[in-house]
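First comes the structure, then the notes that go with it.
2 protein chains.
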Amino acid sequence: MENNQSCIRVFADKDQINHCRELLQANGSAFGQLSGLLALAGNEVRLKILFLLEEENELCPCDLSDILGMSIPAVSQHLRKLKDKNVIEGRREGQTIFYSLKQEQLTLFHPFFKHIINNSNIVTV
Amino acid sequence: MENNQSCIRVFADKDQINHCRELLQANGSAFGQLSGLLALAGNEVRLKILFLLEEENELCPCDLSDILGMSIPAVSQHLRKLKDKNVIEGRREGQTIFYSLKQEQLTLFHPFFKHIINNSNIVTV
DNA sequence: TTTATATTTAAGAAGTTGCTTAAATAAGAA
DNA sequence: TTCTTATTTAAGCAACTTCTTAAATATAAA
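Taken in order, these protein sequences are the chains called A and B. In short: position in the first sequence from 1, add 84, done, that's the working numbering. In short: position in the second sequence from 1, add 84, done, that's the working numbering.
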């Protein structure tokens with residue numbers, strides 16, 4: 085931002101602005117971490133994957149590809165993002181890898197699943 | 085997806101796959117709508133804006149620019165996205181426009197604010 | 001070992017996001 | 001009206017996302 089003659093309102097409440105700055109500082113990396121997780125669920129495909137894992141307990145990339153109607157590499161790349169942020173984990177059974185939700189971020193994601201069910205009921209009924 | 089000889093596992097559970105497809109269909113546009121909202125909060129700047137509006141009740145683009153340390157047009161463009169999805173609303177007072185959270189999506193976003201507070205406490209204490 | 005199956009990885013293209021700068025709009029004060 | 005302040009809008013650009021296709025990896029079966 086090269087704009088030094090920035091707006092700084094005449095009636096700006098300096099105390100409020102400082103208080104806000106401190107609020108952000110006090111909460112340190114929490115914003116980055118949380119927004120990172122929300123960005124995962126902010127993609128429709130990944131939200132569906134999370135919802136399906138909640139419902140079915142575990143699913144493999146192949147089945148997800150079939151269910152979602154998209155290529156296996158595309159699904160695999162979404163799963164990797166979810167795994168990288170500790171949202172899901174995989175267990176191998178022969179050639180197949182079954183993915184499931186990790187407990188770690190479930191408290192955050194759980195309300196979304198209810199939100200989906202509730203919202204579609206309103207539309208459907 | 086041009087890949088017709090798709091993976092379709094030998095041991096795939098056809099019933100489970102069909103059940104999943106129906107689950108997605110039954111919930112119609114809910115996934116698109118919810119992921120759209122989550123994508124808003126999935127940006128660190130916008131998450132901070134939402135958090136600040138929750139804390140301060142209302143703030144103008146100019147103050148937000150000052151608090152967040154970014155240009156006014158950049159802030160304004162984030163506010164527009166939030167307004168377009170009915171998450172915030174503005175009221176004019178002279179030349180200043182004060183933005184605040186709308187009740188509409190508050191149930192969804194409220195847990196995030198608690199999450200931020202809790203998470204930063206863990207780190208700080 | 002060769003072949004088939006399940007998954008991942010990598011390179012590249014197309015689309016989206018989020019900033020910048022400059023110009024436009026809108027209201028208040030001189 | 002002209003000037004200042006607050007905000008929005010628009011064009012352009014760099015970075016990021018998400019897909020595609022092809023190749024690599026890993027396990028199991030012939």
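Idealized CB from N, CA, C, for every residue including glycine.
Buried or exposed for B/His162, please, with buried defined as at least 16 other CB atoms from any protein chain shown within 10 angstroms of its CB.
Result: buried.
Note down, in chain order, each residue of its chain lying with its Cβ closer than 7 Å to the Cβ of A/Leu192, except the 5 sequence neighbours on either side.
Counting only Cβ-Cβ distances below 7 Å, and skipping sequence neighbours, we find Leu121.
Only counting the same chain, and skipping five residues up and downstream in sequence, which positions put a Cβ closer than 6 Å to that of B/Ile201?
For B/Ile201, where only same-chain residues beyond five positions count, there are no Cβ hits under 6 Å.
Of the residues that make up the segment 94-112 of chain A, which ones have a beta carbon closer than 7 Å to any beta carbon in chain B?
Those residues of the segment 94-112 of chain A that come within reach of chain B (Cβ to Cβ, closer than 7 Å) are Ala96, Gln100, Ile101, Cys104, Arg105, Leu107, Leu108, Ala110, Asn111 and Gly112.
Apart from the five residues on each side of it in sequence, which residues of its chain come closer than 7 Å, Cβ to Cβ, to A/Lys98?
Closer than 7 Å at the Cβ level, and outside the excluded window around A/Lys98, lies no residue.
Hey, does A/Asp168 have any beta-carbon neighbour from chain B nearer than 8 Å?
No, its Cβ sits nowhere closer than 8 Å to a Cβ of chain B.
Output yes or no for whether 8 Å exceeds the beta carbon distance between B/Phe197 and B/Leu143.
Taking 8 Å as the Cβ cut-off, B/Phe197 and B/Leu143 do not qualify as a contacting pair.
Given that A/Glu128 touches chain B, what residues does it touch there, using C-beta distances under 7 Å?
By Cβ distance, chain B contributes Phe115, Gly116 and Ser119.
Quick one: Cα of B/Ile151 to Cα of B/Glu188, how far?
About 26 Å.
Please report the Cβ distance between A/Glu138 and B/Gly116, rounded to the nearest whole angstrom; I am assuming they are in contact, meaning their Cβ atoms lie under 8 Å.
So it is not a contact: roughly 18 Å between Cβ atoms.
Out of curiosity, what's the CA-to-CA distance linking B/Leu107 and B/Asn141?
Going by the C-alpha atoms only, they are around 39 Å apart.
Which residue wins for smallest C-alpha separation from A/Ser149, given the options B/Asn203, B/His199 and B/Asn102?
If we check each option's Cα against that of A/Ser149, B/Asn102 comes out closest.
Taking B/Ile151 as the query, report the chain A residues whose CB atoms sit under 8 Å from its CB, ordered along the chain.
Within 8 Å Cβ-Cβ: Ile101, Cys104, Arg105 and Leu108.
For chain B, find out if any of its Cβ atoms is closer than 8 Å to the Cβ of A/Asn203; answer yes or no.
For A/Asn203, the answer is yes, since a Cβ of chain B falls inside 8 Å of its Cβ.
Locate the alpha helix (DSSP H) running through A/Ile39, then write down its first and last residues.
With chain A covering 85 to 209 only, the question about residue 39 of chain A has no answer from this structure.
From the DSSP output, read off the bridge partner residues of B/Thr180.
Answer is B/Glu177.
Looking only at C-alpha atoms, which of B/Val171, B/Ser160 and B/Leu136 sits nearest to B/Cys146?
Comparing Cα-Cα distances from B/Cys146 to each of B/Val171, B/Ser160 and B/Leu136, the minimum goes to B/Ser160.
Does B/Leu163 get closer than 8 Å to chain A when you measure Cβ to Cβ?
False, the Cβ-Cβ gap to chain A never drops below 8 Å.
If you measure beta-carbon to beta-carbon, which residues of the segment 132-147 of chain B are closer than 9 Å to chain A?
Residues Lys132, Phe135, Leu136, Glu139, Glu140, Leu143, Cys144, Pro145, Cys146 and Asp147.
If I follow the unbroken alpha helix (DSSP H) through A/Ala213, where does it start and stop?
Beyond the ends of chain A as shown, which are 85 and 209, falls residue 213 of chain A; an answer cannot be given.
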